[in-house]
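So in my numbering, the last one in the sequence shown is 1428, and the numbering has no gaps at all.
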Amino acid sequence: MKKWYFEDFFEGQEITLGSRHVTEEEIIAFATQFDPQPFHVDHEAGARSIFGKLAASGWHTCGMMMRLVVDGILNDSSSMGSPGLDGIRWIKPVHGGDTLSVSYVTKEVRPSSSKPDRGVVVSVWKATNQHGELVCTVEGMGMFGRRPAGAAHA
């Protein structure tokens, strides 16, 4: 039996998902393949940039957040995927040596009006660094299946 069904989410709920340490090596490896802007792949260019040193790609930050959401909720849920994201904000740069902590805040829950077996959960994911500074937010929607009749609440 899954832990997270549509009925388990409620407005204002905050779920702590854990943390992840970031290394310079992974920043460079990700950016080299997917976002090779100089301040993501070269220490000197990073030092000359507005970031003051090598900075992770925002897409890398989102990927690390996604991993924590998958591990903390989605892999043990009735998730049916997502119709999309409404907003991403890269608030502060992420650097090698940072530790990101991620939380999932439920903003809205609404049952599907056309498909009674599911509902939509609107959430905001928040990543903070080891200093408690907000570095990134992601707002989006997830579709979750309803709890089957007779299934116990986790």
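Where a beta carbon is used, it is the ideal one built from N, C-alpha and C, also for glycine. A quick note: this is a predicted structure, and the numbers were derived from the prediction, not measured.
#### Entry: Validate contact between the segment 1372 to 1379 and the segment 1396 to 1405 using beta carbons, cut 8 Å, 3 pairs
yes
### Query
Which residues in the same chain have their Cβ closer than 7 Å to the Cβ of residue 1284, if we skip the five residues on either side of it in sequence?
1380, 1383
### Query
Ends of the alpha helix (DSSP H) at residue 1330?
Note, residue 1330: premise wrong, no alpha helix (DSSP H); not H, not E.
### Query
According to DSSP, is residue 1346 helix, strand or coil?
helix
### Supposed contact pair residue 1317 and residue 1329 - C-beta distance, whole angstroms, cut 8 Å
About 11 Å separates the two Cβ atoms, so there is no contact after all.
### Query
Is the segment 1292 to 1306 close to the segment 1334 to 1344, with three or more CB pairs under 8 Å?
yes
### Query
What are the boundary residues of the beta strand (DSSP E) that includes residue 1362?
1358 to 1364
### Range of the contiguous alpha helix (DSSP H) that encloses residue 1306
1298 to 1308
#### Entry: Test item: CB-CB of residue 1397 and residue 1415 under 9 Å
yes
### Query
Which whole-angstrom value describes the C-beta separation of residue 1367 and residue 1325, a residue pair presumed to lie in contact below a C-beta threshold of 8 Å?
4 Å
### Task
Output the boundary residues of the beta strand (DSSP E) element that contains residue 1376.
For residue 1376, the enclosing beta strand (DSSP E) has its first and last residue at 1373 to 1385.
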